[in-house]
Amino acid sequence: MNLHTPLLAACIAVAGTAQAGIQLMAAPVAPPSPQESAGLVSKLTALERSRGIPSDYSFRVSSQHPGVVGQKITRAQHTFKGLRVFGSESVVVTNNAGEIVSSSVSDRRPGLVPSAVATPMDLTPALTSAQAIDVAVKSVTPGAVHRWAPSAELLLYPVMKTVRVASAVNKSEAELNALDVQEVVDHHELAYYVKIRMASGGKPFYYDIVVNAKTGAIIAQWQALQTVIGEGKSQYNGVVPISTSQSGGTFQMLDATRGTGGKFGGMAITNADHSSSNNPSPGSIYANSTNKWGDGLQYNGGGTTDANGQTAAVNALWGLMNTYDTNKNVLGWHSLDGNNTATYIAVHVDRDYDNAFYDDSCKCMYIGDGSFFYSLGSIDVIGHEMSHGVTASTADLVYAGEPGGLNESNSDIGGDMVEAYARAGGTGDVVPATGNDWMTGKEISKSGEPLRWMYKPSKDGHSPDAWSSSLKRLDVHYSSGPNNRMFYFLSQGSKADPASDYYSKYLVKQPAAMTGIGNDKAYRIWFKALTTKFTSTTNYADARDKVLAAARELYGASSKEAIAVQRAYAAINVGADIDEDGVGGGDGGTELVVNGGFEAGTTGWRGTTSAIGSMAGQAAYEGTRFAWMGGKGKKTTQTLTQAVTIPATSASAQLSFALHTDSADKTSVAHDTLVATVRNSFGMVLRTLATYSNAGAADGYQVRSFDLSEFKGKKVTLHFAMREDASLKTSFVLDKVSLLAK
């Protein structure tokens with residue numbers, strides 16, 4: 007199939023399911039039952055109580071998704087006295103035995119993080135939710151019509167401020183690196199989080215607005231409609247296969263092989279038939295008497311159901327199919343939410359409508375025919391908008407400031423990876439190394455200029471190429487620029503010539519031109535960070551740490567992939583550059599664990615140090631030595647401990663270790679356990695990180711990671727305690743223990 011010739015017609019439907027690929031993710035999981043949610047909340051709460059955190063603090067499960075095979079990803083919002091604390095949450099990965107594999111936390115709860123002003127103890131609002139909604143509507147556009155019913159949630163809103171770390175106090179603004187500043191809680195406000203989804207004069211007004219629940223003042227607001235805007239080009243992909251369904255003698259653009267449930271019971275393309283963009287109706291599913299669709303030409307303004315009118319629907323269905331297949335076949339991620347819930351795209355919205363947008367209220371997409379643009383249904387635009395759905399279902403990055411820029415960047419990344427996959431035929435279990443153009447929306451532009459250049463964002467005249475302290479004040483379509491460039495460098499590498507569009511002045515180590523790791527690995531790392539580590543308030547500095555943690559978990563702590571992540575972020579002024587051979591700059595952090603790989607024998611460790619060595623029957627994660635705890639098949643207790651001091655000036659502290667669990671006990675009952683805790687100098691448990699058991703045995707090592715930033719400025723002990731019963735043996739093989747402070 008020639009993907010570069012004009013689109014003349016769409017081929018007949020393709021039969022069968024997508025080719026099986028590398029399934030990083032498990033099959034879709036059902037939403038957590040009330041009992042399951044309560045059980046996880048109980049476990050998380052018990053860990054809090056063991057740290058001395060009082061009962062005013064709890065959790066609320068917000069979503070659950072499949073992780074890698076045998077794991078689940080759960081997002082738990084933090085609450086204080088029953089109220090959600092905005093932007094404060096935990097992402098917890100558990101295995102089938104319910105054991106915690108990894109956790110990622112953004113903690114903004116009153117009393118647990120420093121704040122300049124005490125949290126108001128009177129949590130009784132002076133405004134009703136209806137009054138808060140009225141305030142919000144009047145602040146945006148009083149005459150608009152509600153597309154979706156407004157909502158108002160009473161919560162605690164942390165008002166943030168930016169402070170410099172001690173080492174950057176005397177730096178000029180131009181010298182600042184993203185790791186030189188921190189976002190900290192200034193104070194908390196009792197507030198309503200209001201969502202309004204309105205339209206007026208053909209323009210959508212989707213806003214999230216935070217209203218002070220005592221005074222009615224607007225604390226913060228940001229646009230919530232996730233759109234594509236800019237300049238674009240052409241009609242697009244030649245003759246393409248599309249998956250339709252047949253009922254009697256009628257064919258429909260309903261793909262029952264991709265997704266279940268939803269509004270139409272499968273992935274569907276519908277005809278909005280010029281319904282007003284103020285409140286567009288999706289209309290009905292496209293139907294035809296034959297299974298050949300479209301004429302491959304730009305819509306001419308006539309009928310929406312004839313061959314010319316069908317072309318926009320062909321574009322949309324091909325784009326939707328390839329977006330679904332990219333994430334499923336490469337990553338094992340089903341549909342937008344990971345749980346295979348079907349979505350739809352409505353085409354021919356309004357007349358000459360120059361927009362395409364994702365609407366999370368219906369978890370669907372709307373596409374206009376364009377006037378300044380060509381039809382806005384190009385492959386990367388559809389991949390972009392559908393990726394907003396993935397973000398909304400997982401990290402739910404706030405659509406403002408740096409998190410909003412990362413939200414937009416994730417969609418640009420997703421759009422380009424879908425484009426690469428589709429151009430290579432839309433099959434296989436890897437993202438092809440080529441096929442995408444690293445430009446967003448070039449095909450829809452009549453001028454030939456894309457919306458965004460990922461490799462050199464500043465070419466649009468608005469987007470910066472690197473992080474600066476002013477980034478958070480930009481529109482999110484521009485603050486996405488540096489992270490887009492990071493991803494380009496991570497995949498493709500850079501150039502050493504200062505005159506090149508692919509050069510970064512921040513890459514000062516060797517080689518001057520960093521080496522990329524390709525589309526496939528870069529996308530796997532990014533997607534793992536987005537779905538298992540990012541929280542709604544993740545900023546650029548936090549993203550660097552979490553993308554790096556994902557690279558280490560996938561490819562190893564000192565892998566070329568992890569080094570590439572550090573260099574790619576350094577290239578946009580987030581963290582320090584390092585040499586690719588690992589010499590000359592470290593990874594931007596200080597290693598606090600002594601002899602974490604056990605290559606120096608027992609040095610640095612206390613407890614049952616006889617477990618450390620190089621023994622037959624087990625392999626090291628790296629090097630030749632490891633700590634083999636258990637495996638006796640009799641009642642045994644072993645411990646390994648090491649005391650560390652986390653500097654108070656650290657921006658973050660990330661613990662990771664590689665663990666291989668194998669067992670002759672194949673039951674689901676935890677007879678043998680390894681408990682990882684953080685303790686004080688008196689042995690008191692400050693935090694239980696995770697409990698591993700025979701029920702979670704698996705082939706090979708798995709890298710576990712935990713954020714220990716809460717212990718900054720403290721001396722703590724990393725404590726691993728193994729207990730084996732008198733029955734079947736279980737081995738817990740520990741290696742590469744690392745605590746990086748940055």
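If you read the sequence shown in the numbering used here, its first letter stands for residue 7, the second for the next number, and so on.
Glycine is no exception: its CB is placed at the ideal position from the N, C-alpha and C atoms.
This structure is a prediction, so every number in the text was calculated from the model and none was measured.
Per DSSP, what are the beta-bridge partners of residue i in this structure?
i	result
R693	V684
C370	D365
W154	R203
R729	T643, T679
L665	Q708, L740
A352	T276, Y372
P164	H194
E189	T168
Y213	I202, Q229
R90	T85
A293	Q258
E605	Paired residue(s): none; E605 is not in a bridge.
G344	H340
T266	T347
If you reduce the DSSP assignment to three classes, tell me which class residue i lands in.
i	result
V171	coil
K742	strand
Y461	coil
D526	helix
W532	helix
E455	coil
W444	coil
F493	helix
P409	helix
K239	Summary for K239: the model assigns pLDDT 21, below 50, so the residue's position carries little reliability; its value from the coordinates is reported in the next sentence. Three-state DSSP puts K239 in coil, outside helix and strand.
G590	Residue placement at G590 is flagged as unreliable, the pLDDT there being 39, under the threshold of 50; a coordinate-derived value is accordingly withheld.
K748	coil
K735	coil
E597	strand
D466	helix
A659	strand
Y698	strand
A649	strand
K721	strand
S281	coil
W324	helix
Q304	coil
D548	helix
Q749	Nothing can be reported for residue 749: it is not among the residues displayed for the chain, which extend from 7 to 748.
Measure the CB-CB distance between residue i and residue j and report whether it falls below 8 Å.
i	j	result
T446	M460	yes
S110	D713	yes
Y212	E159	no
F257	Y350	no
R55	H84	no
D668	L734	no
F378	D356	no
H193	L162	no
A103	S674	yes
D366	A398	yes
V91	Q77	no
S662	A547	no
G272	A322	no
R2	S469	Coverage of the chain is limited to positions 7 through 748, which leaves residue 2 absent and any answer about it impossible.
H280	A318	no
Y509	S500	yes
G289	V320	no
A582	A576	yes
V175	P120	no
Just checking: is the beta-carbon of residue i within a distance shorter than 8 Å of some beta-carbon in chain C?
i	result
Q516	Of the protein chains in this structure there is only one, and it is not chain C.
4-residue-minimum alpha helix (DSSP H) runs that sit fully inside the stretch 559-587, ordered along the chain
566-576, all fully within the stretch 559-587.
Do the stretch 371-388 and the stretch 557-570 make contact, defined as three or more Cβ pairs closer than 8 Å?
no
Can you list, in chain order, the stretches of the alpha helix (DSSP H) that have 4 or more residues and sit fully within the stretch 381-426?
385-399
Pair every Cβ in the stretch 165-180 with every Cβ in the stretch 485-492, then say whether three or more of these pairs are closer than 8 Å.
no
Minimum length 4: unbroken alpha helix (DSSP H) runs contained in the stretch 607-641:
none
Can you list the beta strand (DSSP E) stretches of 3 or more residues lying completely in the stretch 28-82, in chain order?
63-72
Contact between the stretch 133-144 and the stretch 167-174: three or more CB pairs below 8 Å?
They do not touch, by the three-pair rule.
Could you check whether the stretch 395-410 touches the stretch 534-551, counting it as contact only if at least three pairs of C-beta atoms, one from each stretch, sit closer than 8 Å?
yes
Curious, which full-length alpha helix (DSSP H) runs of at least 4 residues does the stretch 94-149 contain?
If we require 4 residues or more, the alpha helix (DSSP H) runs fully inside the stretch 94-149 come out as 135-146.
Any contact of the stretch 691-701 with the stretch 606-625, i.e. 3+ C-beta pairs under 8 Å?
no
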